Amino acid sequence: MPSYLGAIGTANPAHRIAQPQIADFMAQALQFGEDDTRKLRALYRVSGIAHRYSVLPDYGRANGDYTFFPNTPTLEPFPSVGQRMAAYRREALPLATEAVRECLRQVPDATSASITHLVTVSCTGMYAPGLDIELVQALGLRSDVRRTCVNFMGCYAAVNAVKLADAFCRADAEARVLIVSVELCTLHFQKSREEDHLVSNALFGDGAAACLVQSTPLPNGVPSLALQAFHCGLEPDGHDDMAWHINDFGFEMTLSSYVPKLIQRGIRSLTDGLLASLPVELGDIRHFAIHPGGRKILETIETELGLTHDDNRHAYRVLRDYGNMSSATVLYVLRDVLAHATPADNGAPVLSFAFGPGLTMEAMLLQVSFNNYHLTFNKQENEEGIESQANSAVATSPLELLNVN
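Taken in order, the sequence shown gives residues 1 to 405; the numbers are from our numbering.
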């Protein structure tokens, strides 16, 4: 039997800043001339992002009104790692708590005492005693709740958290796993004119997401996502093209223009590897939840897999409204899939991808589930069961068994 992901809650900081305002901040901070400023604004215009959220109000203000960065022409002395981590410790818990409360409000019987496992995810801040312990205290979770921290894995980390939750639930049918991802990417602005830094400064925003994973779907007709299969791919040639390092002035993201080409090279084999042992083909997939690492990444995947812009509509909306929030982002996309699911989608497969340093590519196959509807995609375990269902339903293909038209 699968485990189920549902009740996704999200939260963002108070400061919602339009992309053109952030571009102006960056141009001023980098002391760009007129020509470079024009090019930078063009980069921000074509990013596919309308606005992003930040725990720092400075990105929407003029020099002289900053509260985090120095009010000097060069932003010197530039904030240190210690100053950025102090801001993370101050801001991460309230944001994470808000996302959790939104999540648990959707599940009437999800009391604090019912949570057996807590998995926290972040690559933008670390300290100990950490966010996991603070969440136990802030939410009134049991002191013996089993805590796991998934740290510094980048944008694909939420998929690994879901894998962990799935394993916990398959080992213990009574397990109820709370996943909390919080990323404060904008704390790590790099004052650099290098192309990689210009691109990363144009993409990342702040946000938190929380979800519940358990052995049963949500009741009362509320949709869940049955976790069916996982697959991981690695493109070692991308080792230096997407990376995340702790330096003297914050965490430094390397995001080269070659990343979409690496994803293009590996996305087909990643998809084939995920679906190889399942009675599902790419053409059967009705919904997609792709991590919007950037507009070019989404377009590259569409070209390589033969998807349409509409197939990627949830990812584009999240990119437009929030930017790339690292690990939390794919949970925002899955939230949109659930929010737009109808009973007609019952049993429909959902294909999800996320990418990060390495270059690592993660894939998940999920299934929309209302009430107690369930069909396992594992071919080896369910061959006889599928044949029986096919005979009783007079179905002639896996497509019909999945209720996909």
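Backbone N, C-alpha and C define an ideal beta-carbon position, used for all residues, glycine too.
Since the structure is predicted, the reported quantities are computational estimates derived from the model, not experimental observations.
Report the option in the options whose CA atom is closest to the CA atom of residue i.
{"i": "Ala110", "options": "Ile8, Gly250, Gln190", "result": "Ile8"}
{"i": "Pro20", "options": "Ala29, Arg41, Gly347", "result": "Arg41"}
{"i": "Leu93", "options": "Leu184, Glu252, Met153, Asp272", "result": "Leu184"}
{"i": "Val55", "options": "Phe32, Phe78, Pro13", "result": "Pro13"}
{"i": "Leu100", "options": "Cys211, Phe78, Glu174", "result": "For the sequence presented, residue 100 should be read as Val rather than Leu. Nearest option by C-alpha distance: Cys211."}
{"i": "Glu281", "options": "Leu365, Thr329, Asn220", "result": "Leu365"}
{"i": "Pro217", "options": "Glu91, Asp336, Asn346", "result": "Asn346"}
{"i": "Cys149", "options": "Val121, Gly140, Ala167", "result": "Val121"}
{"i": "Gly221", "options": "Gln106, Glu91, Asp24", "result": "Gln106"}
{"i": "Ala363", "options": "Glu299, Asn371, Asp272, Thr116", "result": "Asp272"}
{"i": "Tyr53", "options": "Phe78, Glu91, Asn71, Pro77", "result": "Glu91"}
{"i": "Phe230", "options": "Ile263, Ala276, Gln264", "result": "Ala276"}
{"i": "Pro73", "options": "Glu102, Cys103, Phe32", "result": "Phe32"}
{"i": "Ala328", "options": "Leu95, Pro70, Glu34", "result": "Leu95"}
Is residue i helix, strand or coil by DSSP?
{"i": "Asn201", "result": "helix"}
{"i": "Phe251", "result": "strand"}
{"i": "Tyr88", "result": "helix"}
{"i": "Gly266", "result": "helix"}
{"i": "Ile49", "result": "coil"}
{"i": "Pro236", "result": "helix"}
{"i": "Tyr322", "result": "helix"}
{"i": "Glu362", "result": "strand"}
{"i": "His117", "result": "strand"}
{"i": "Thr271", "result": "helix"}
{"i": "Phe69", "result": "coil"}
{"i": "Ile22", "result": "helix"}
{"i": "Asn382", "result": "Annotation note: pLDDT 43 at Asn382 (below 50); position unreliable, no value reported."}
{"i": "Cys149", "result": "strand"}
{"i": "Arg421", "result": "Here the chain covers residues 1 to 405 and nothing more, so residue 421 does not appear."}
{"i": "Arg286", "result": "coil"}
{"i": "Gly33", "result": "coil"}
{"i": "Thr10", "result": "strand"}
{"i": "Pro94", "result": "helix"}
{"i": "Gln228", "result": "strand"}
{"i": "Asp144", "result": "coil"}
{"i": "Leu338", "result": "helix"}
{"i": "Ala27", "result": "helix"}
{"i": "Tyr4", "result": "strand"}
Assuming contact is defined by CB atoms lying nearer than 9 Å, are residue i and residue j in contact in what I supplied?
{"i": "Ala247", "j": "Val145", "result": "For the sequence presented, residue 247 should be read as Asn rather than Ala. No, Cβ-Cβ distance for Asn247 and Val145 is not below 9 Å."}
{"i": "Ala209", "j": "Val162", "result": "no"}
{"i": "Ala432", "j": "Pro279", "result": "Any property of residue 432 remains undetermined from this structure, which presents the chain solely from 1 to 405."}
{"i": "Val22", "j": "Tyr4", "result": "Just to set this straight, residue 22 is Ile in the shown sequence, not Val. Their beta carbons are not under 9 Å apart, which means Ile22 does not touch Tyr4 by this criterion."}
{"i": "Ala297", "j": "Val350", "result": "Strictly speaking, residue 297 in this sequence is Ile, with Ala absent from that position. No."}
{"i": "Ser270", "j": "Pro2", "result": "One point to set straight first is that residue 270 is Leu, not Ser, in the sequence displayed. No. Outside cutoff."}
{"i": "Ala18", "j": "Arg320", "result": "no"}
{"i": "Ala138", "j": "Ala354", "result": "no"}
{"i": "Val368", "j": "Ser352", "result": "no"}
{"i": "Arg170", "j": "Ser215", "result": "yes"}
{"i": "Asp172", "j": "Thr116", "result": "yes"}
{"i": "Val199", "j": "Ser257", "result": "yes"}
{"i": "Phe249", "j": "Pro57", "result": "no"}
{"i": "Gly140", "j": "Ser112", "result": "yes"}
{"i": "Thr10", "j": "Arg335", "result": "yes"}
{"i": "Leu262", "j": "Glu299", "result": "no"}
{"i": "Arg176", "j": "Val213", "result": "yes"}
Can you find the residues in the same chain that come closer than 8 Å, C-beta to C-beta, to residue i, ignoring five residues on each side of it along the sequence?
{"i": "Val46", "result": "Arg295"}
{"i": "His197", "result": "Gln190, Glu252, Met253"}
Ordered along the chain, which non-local residues of its own chain (more than five positions away) have a Cβ less than 6 Å from that of residue i?
{"i": "Ile267", "result": "Ile301, Glu304"}
{"i": "Val333", "result": "Ala289, His314, Ala315, Val318"}
{"i": "Gly154", "result": "Cys123, Trp244, Gly356, Pro357"}
{"i": "Thr37", "result": "Ala27"}
{"i": "Tyr127", "result": "Arg89"}
{"i": "Arg16", "result": "His51, Tyr53"}
{"i": "Glu98", "result": "Ala11"}
Tell me which residues share the same chain as residue i and place their Cβ nearer than 7 Å to its Cβ, disregarding the 5 neighbours each side in the sequence.
{"i": "Met26", "result": "Leu40, Asn201"}
{"i": "Ala29", "result": "Leu75, Lys191"}
{"i": "Tyr88", "result": "Thr124, Gly125, Leu184, Leu187"}
{"i": "Ser224", "result": "Tyr4, Leu5, Gly6, Pro217, Leu218, Ser369"}
{"i": "Thr67", "result": "Pro57, Asp58"}
{"i": "Leu164", "result": "Val119, Thr148"}
{"i": "Gly233", "result": "Gly266, Ser269, Leu270, Gly273, Met361"}
{"i": "Asn413", "result": "Residue 413 falls outside the range modelled here, since the chain spans only 1 to 405, and no answer is possible."}
{"i": "Glu381", "result": "Unreliable placement is indicated for Glu381, whose pLDDT of 45 sits below 50; the coordinate value is still reported in the next sentence. Cβ neighbours of Glu381 beyond the five flanking positions: none."}
{"i": "Ala70", "result": "Ala is not the amino acid found at residue 70; the sequence shown has Pro there. Same-chain partners within the cutoff: Glu76, Pro77."}
At the 9 Å Cβ level, is residue i part of the contact set with chain C, yes or no?
{"i": "Val107", "result": "Looking for chain C here will not work: only one protein chain is present."}
Inset, instruction - Decide yes or no for the touch test of the region 82–89 against the region 267–287: beta carbon pairs closer than 8 Å, at least 3 of them. - result: no
Legend entry - the region 332–351 / the region 119–135 touching (three or more Cβ pairs under 8 Å): No, the region 332–351 is not in contact with the region 119–135.
Legend entry - Given 8 Å, three or more beta-carbon pairs between the region 52–61 and the region 292–308: no
Legend entry - Cβ contact (3+ pairs, closer than 8 Å) linking the region 193–212 and the region 313–330: yes
Inset, instruction - Examine the Cβ distances between the region 354–374 and the region 189–198 and report whether three or more of them are shorter than 8 Å. - result: no
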